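Take a look at the structure set out below.
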Amino acid sequence: MLARLARWSFRRRRLMVFGIWLPFLVLVSAISGAIGTDFHTSFDLPDSESKEVQDAVTAVQPEDAGDVAQIAFTSTSPEGTQDPAVKAAMTSLFEQVDAIEGVSVTSPYTPEGEQFNSDDEPVSFAQIQFSERDQAGYLDLADEIQELDDDIAVPGLTIEYGGQLFGIFEFPESEALGVLAAVVILLIAFGSVLAMGLPIGTALFGLGVGAGIVGLCSRLFSMPDFALQMTAMIGLGVGIDYALFIVTRYRENLHAGMEPESAVIDSVDTSGRAVVFAGITVMISLLGLFVMGISFVRGLAVAGAIGVLVMMIAAITLLPALLGFVGRRIDNTSRAAAAAVGFFVVLGLVGIFSGLPLGIALLLGLLLALVIVVASFLPFGRSLRRSLPHRHVKPREQQFWYRWSRFIQRRPWPALAGGLVVMLALSVPLLSIRLGFGDTGNLPEEQTARRAYDLIADGFGPGFNGPLYLASTDPNADAATVAEFDTALQNTPGIAFASAGTELAPGTWTWQAYPTTSPQDEATTDLVDRLRDDVIPATGLDVNVGGTVAASTDFSAYLGKRLPLLIGAVLILSFILLMAVFRSLLVPLKAVVMNLLSVGASYGFIVAVFQWGWGRQLFGVGQEGPVEAWAPMMLFAITFGLSMDYEVFLLSRMKEEYDRTGENARAVADGLAATARVITAAALIMVCVFGAFVLGNDRSLKLFGLGLAIAVLVDATIVRMILVPATMELLGNKNWWIPKWIDRLLPRIEVEGHAVPGAHDGRAGEPGDEDREPELV
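My numbering puts the sequence shown at residues 218 to 994.
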């Protein structure tokens, strides 16, 4: 089927590009723009204590159902925040904020908020209560609130705005940086502008379509506001990689003497099969997140799966059409084209790192590139029209990766032991992983939310940035029992301040308690557990603990219990699929173990950086804190899927060589030599795409991008280039053994396809056509 699809796309390339893909891109973008998106995040767990507190409060006070923020202020006046001028200005500000629909303010100058005045420092804060939990919907409102203090001109008065709502999460120009990095890597790898441009162009087409579809799906699923960035991160990585593998096979076929149409058909029917299987594996891993049973996680899974699906389809339909336009010119590059691309990349990087608007920088780069191209057609530009010389390609046995494979195969036990030691060492920090959520204390100091956090922490203690809310609907609660509970709560170690119980409505009592430690501190989580397990049961009242910290504790505990289900489901399904593809028992088992090592190394690295604080300044991480509770499941699903990509590409080529020669050692060496260079280039692109998200200030995306980058890096180097050839050599022909009864039960799935006869007849070390494959670094 893939061969027929490739033939149809090649022969009807104008229809495929201008009649299908381009109109579909415009249509999806137009519909998404007209209807609009609805990205929002819901962290609620239906049966959790924190949700019960929220429900108990909103049942009697629905106006308190939303998020909470703060207006923190300090004054250098001798009277501090009690200075009459400060008091008048801030009271006026509070009244203006309180007048906004859906917002209420508790002022420190009222009896209800007198505890918001510090006894030790000239610091006070007001509490802002929103009526709905719609952080994305309140972003414009946050700007409106901050603009209200523009006319305040009290000497020595400093005003800051705290809470997640006022945290400005500036997404870096990650997609642009990833694309520019891919341009450089592919240009070095291929030595051809056209060969470089095809994978990137295909991926950008797919990214545009995928982003439009994800935007539409945000109205059907609960998707967080970073779903598009995550889709772009995954989509660009796999999209460029998938197209890269097919383009590499296409060039290899042309060098073997095939006609362009046959070369395209063979490329899609061989490498294209591996792309389809790898894409399906990634989607299965992502959709496995549905077992977590959380709405926004399902939304992220759908967004990621859509991005991968679109890129997979683009690689086997759009790319063959584009190859049809390029034909044999894929290796031809003029000096003008190379110079134009170089200037475009340089100006793009200048725009990203210098503060110059990226759009202007890229436009200048494009104009300069056009000038160079136009100049090449003028009489004085004759030298620019000259083609760059083609690279001399060594016979395969003289190439680095073939010699490397033989080196490892001659020393399999030391290689295996050394690789395992490194991977296990990287995984050691995983043993101390602590799940939770970061707070605004992790934001850069130039942000108002971070400065408000520091003000409140200095004036009251870090725990005032994450109060606990307690609620009870116990029918046995009365003034006497509540008074006893007040005493027990206030005397609990780790509580800096606790309010007396307030009866919001008959039968509904509430309390506020401020820990002595910050929201993301492990001691605060321990306090929540101690209240629930020891303090509250001893009072005899049925009281639930809620608030941001408690919700984080509930969420982390829930995910910790569900994560083994996700891991088990993905491992079992992947093992069965690999057995069906490679007709082997040991190869899929080895693949699953190797992929788990990559995941473990990724987990260990992010624990060391984000939880322990190792190298946090290097990566721009604020304070050390827990690993974001949702990150391990997302990292596992995506990392496992991407690791399986490289496993499939490498093993399918080894299997193809083994079927052709029947010699395991030669198949391992030839398979590694044929794929290692392209896997290296693909991995470098993914590392750059994922690593670019470390440049932003969103801790979640930093953690996610760095985790994926490390996973891909170790997988494409230590795992694929050391552990795989070592284990394949040790197992010998047993690699391809499978019990006959299992073989009969499994469906037949061919990843290798049917290569066109004569395309790959050269043996490693012999002057066959295959030795003339294009050189990749």
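Backbone N, C-alpha and C fix where the C-beta goes; we use that ideal spot for every residue, glycine too. Treat the numbers as computed from the prediction; the structure is a model and nothing was measured.
Problem set entry | A289 in three-state terms, based on DSSP | Position 72 of the sequence shown, counted from the first residue, corresponds to residue 289. Correct three-state label for A289: strand.
Exercise. How far does the beta strand (DSSP E) with G379 in it reach, from first residue to last?
Worked result: As a working mapping, residue 379 is identified with position 162 in the sequence shown. Here the beta strand (DSSP E) through G379 covers 374-379.
Exercise. Smallest Cα separation from V401: which of F227, D751, F792, V562?
Worked result: Numbered from its first residue, the sequence shown carries residue 401 at position 184. Checked all of F227, D751, F792, V562; the closest Cα to V401 is V562.
For this session: Inspect the beta-carbon positions of A769 and A846 and report whether they are closer than 8 Å.
Result: What you label residue 769 is simply residue 552 of the sequence shown in a count that begins at 1. What you label residue 846 is simply residue 629 of the sequence shown in a count that begins at 1. Inspection of the sequence shows that residue 769 is occupied by Ser rather than by Ala. A contact, by the Cβ cut-off of 8 Å.
For this session: Check whether the region 875-887 touches the region 547-565, taking contact to mean three or more Cβ pairs, one atom from each stretch, closer than 8 Å.
Result: no
Exercise. Identify the residues that DSSP records as bridge partners of I345: which are they?
Worked result: The residue given as residue 345 occupies position 128 in the sequence shown. Paired residues: A286, V322.
Exercise. Are the Cβ atoms of P216 and F513 separated by less than 8 Å?
Worked result: Nothing about residue 216 can be read from this structure; the chain reaches only from 218 to 994.
Exercise. By the 10 Å Cβ neighbour count, where 16 or more other Cβ atoms means buried, how is F910 classified, buried or exposed?
Worked result: Mapped onto the sequence shown, residue 910 falls at position 693. Buried, because 16 or more other Cβ atoms sit within 10 Å of the Cβ of F910.
Problem set entry | CB of I345 within 8 Å of CB of V371, strictly | Residue mapping note: residue 345 aligns to position 128 of the sequence shown, counting from 1. Residue mapping note: residue 371 aligns to position 154 of the sequence shown, counting from 1. It is not a contact, given that the beta carbons lie outside the stated cut-off.
For this session: Please specify which runs of the alpha helix (DSSP H), each continuous and at least 4 residues long, are wholly inside the region 472-553, giving them in chain order.
Result: 477-504, 512-543
Exercise. Mind checking N950: buried by the 16 CB within 10 Å criterion, or exposed?
Worked result: On the sequence shown, residue 950 is found 733 positions in, with the first residue counted as 1. It is exposed - the Cβ of N950 has fewer than 16 other Cβ atoms within 10 Å.
Exercise. What's the gap between the Cα of L940 and the Cα of W953?
Worked result: Within the sequence shown, numbered from 1, the residue matching residue 940 stands at position 723. Within the sequence shown, numbered from 1, the residue matching residue 953 stands at position 736. About 17 Å.
Exercise. Helix, strand or coil for P301 per DSSP?
Worked result: Counting from one through the sequence shown, the residue named residue 301 turns up at place 84. P301: helix per DSSP, three-state reduction.
For this session: Give me the Cα-Cα distance between L721 and A251, rounded to the nearest whole angstrom.
Result: Looking up residue 721 in the sequence shown gives position 504. Looking up residue 251 in the sequence shown gives position 34. Their backbone Cα atoms lie some 44 Å apart in a straight line.
Exercise. Going along the chain, which residues of its own chain have a beta-carbon closer than 6 Å to the beta-carbon of R436, five neighbours each way excluded?
Worked result: In the sequence shown, residue 436 corresponds to position 219, counting from 1. Here the set comprises D255.
Exercise. What residue range is occupied by the uninterrupted beta strand (DSSP E) comprising T878?
Worked result: What you label residue 878 is simply residue 661 of the sequence shown in a count that begins at 1. T878 -> not in any beta strand (DSSP E); alpha helix (DSSP H) instead, spanning 848-878.
For this session: Indicate whether M640 and L814 have their beta-carbon atoms separated by less than 8 Å.
Result: Position 423 of the sequence shown, counting from 1, holds the residue named residue 640. Position 597 of the sequence shown, counting from 1, holds the residue named residue 814. Closer than 8 Å, so yes.
Exercise. CB-CB under 6 Å to R224, same chain, minus the five flanking residues each way: which ones, in chain order?
Worked result: The sequence position of residue 224 within the sequence shown is 7, counting from 1. Taken in chain order, the residues that qualify are I482.
Exercise. What does S689 pair with, by DSSP beta-bridge criteria?
Worked result: Within the sequence shown, the letter at position 472 stands for residue 689. Paired residues: W726.
Problem set entry | Rounded separation between A273 and G680 - CA only | Locating residue 273 in the sequence shown gives position 56, where the first residue counts as 1. Locating residue 680 in the sequence shown gives position 463, where the first residue counts as 1. So the alpha carbons of these two residues sit roughly 24 Å apart.
Problem set entry | Supposed close pair A491, F462 - CB separation, criterion 8 Å | Translated into the one-based positions of the sequence shown, residue 491 becomes position 274. Translated into the one-based positions of the sequence shown, residue 462 becomes position 245. Confirmed, Cβ separation roughly 7 Å.
For this session: Sort I511, V929, V699, T323 by Cα distance to S265 and report the nearest one.
Result: Position 48 of the sequence shown holds residue 265. Nearest of I511, V929, V699, T323 to S265, Cα basis: I511.
Problem set entry | Reference I369, options Y863, F290, G319, closest by Cα | Mapped onto the sequence shown, residue 369 falls at position 152. Measuring from the Cα of I369, the nearest candidate turns out to be F290.
For this session: Let me know the beta strand (DSSP E) ranges lying completely inside the region 750-820, each 3 residues or longer, listed in chain order.
Result: 761-763
Exercise. What residue does the beta strand (DSSP E) around I417 start on, and which one ends it?
Worked result: Taking the sequence shown and counting its residues from 1, one reaches residue 417 at position 200. Where I417 is concerned, there is no enclosing beta strand (DSSP E), although the alpha helix (DSSP H) it sits in stretches over 410-434.
Problem set entry | Q299 versus G373 - alpha carbon distance | Position 82 of the sequence shown, counted from the first residue, corresponds to residue 299. Position 156 of the sequence shown, counted from the first residue, corresponds to residue 373. One C-alpha to the other measures close to 13 Å.
Exercise. Looking at the unbroken alpha helix (DSSP H) that takes in A316, where does it start and where does it end?
Worked result: Residue numbering aside, residue 316 sits at position 99 when the sequence shown is read from its first letter. No alpha helix (DSSP H) holds A316; DSSP gives it neither H nor E.
For this session: Would you list the residues sitting across from T719 in a DSSP beta bridge?
Result: For the purposes of this step, residue 719 is taken as residue 502 along the sequence shown, with counting starting at 1. Its beta-bridge partners are T727.
Exercise. Counting along the chain, where does the alpha helix (DSSP H) carrying D675 start and finish?
Worked result: For the purposes of this step, residue 675 is taken as the residue at position 458 of the sequence shown. D675 -> alpha helix (DSSP H) spans 665-677.
Problem set entry | T709 versus G842: straight-line alpha-carbon distance, rounded | As a working note, residue 709 is residue 492 in the sequence shown. As a working note, residue 842 is residue 625 in the sequence shown. The alpha-carbon atoms of T709 and G842 are separated by roughly 24 Å.
Exercise. Candidates G253, Q332, K304: which alpha carbon is nearest G678's?
Worked result: Against the sequence shown, residue 678 aligns to sequence position 461. Looking at the Cα atoms, Q332 is the closest of the given residues.
Exercise. Run through DSSP, which three-state label would N950 get?
Worked result: Residue numbering aside, residue 950 sits at position 733 when the sequence shown is read from its first letter. The answer is helix: DSSP assigns N950 an H, G or I state.
Exercise. The alpha helix (DSSP H) spanning P631 covers which residue range?
Worked result: Sequence index remark: in the sequence shown, residue 631 carries index 414 (1-based). It spans 629-644 - the alpha helix (DSSP H) in which P631 sits, taken as one unbroken run.
Exercise. Between which two residues does the alpha helix (DSSP H) carrying N914 extend?
Worked result: Within the sequence shown, the letter at position 697 stands for residue 914. It is not in any alpha helix (DSSP H) - N914 carries neither H nor E in the DSSP assignment.
Problem set entry | Own chain, CB closer than 6 Å to A928, minus 5 neighbours either side, in chain order | To locate residue 928, count along the sequence shown from 1; it is residue 711. So the list reads S815, S819, T856, once near-sequence residues are dropped.
Exercise. Hey, would you say I943 sits closer than 8 Å to L633, going by beta carbons?
Worked result: Position 726 of the sequence shown, counted from the first residue, corresponds to residue 943. Position 416 of the sequence shown, counted from the first residue, corresponds to residue 633. One detail in the question is off: residue 943 reads as Ala in this sequence, not Ile. Yes, Cβ-Cβ distance for A943 and L633 is below 8 Å.
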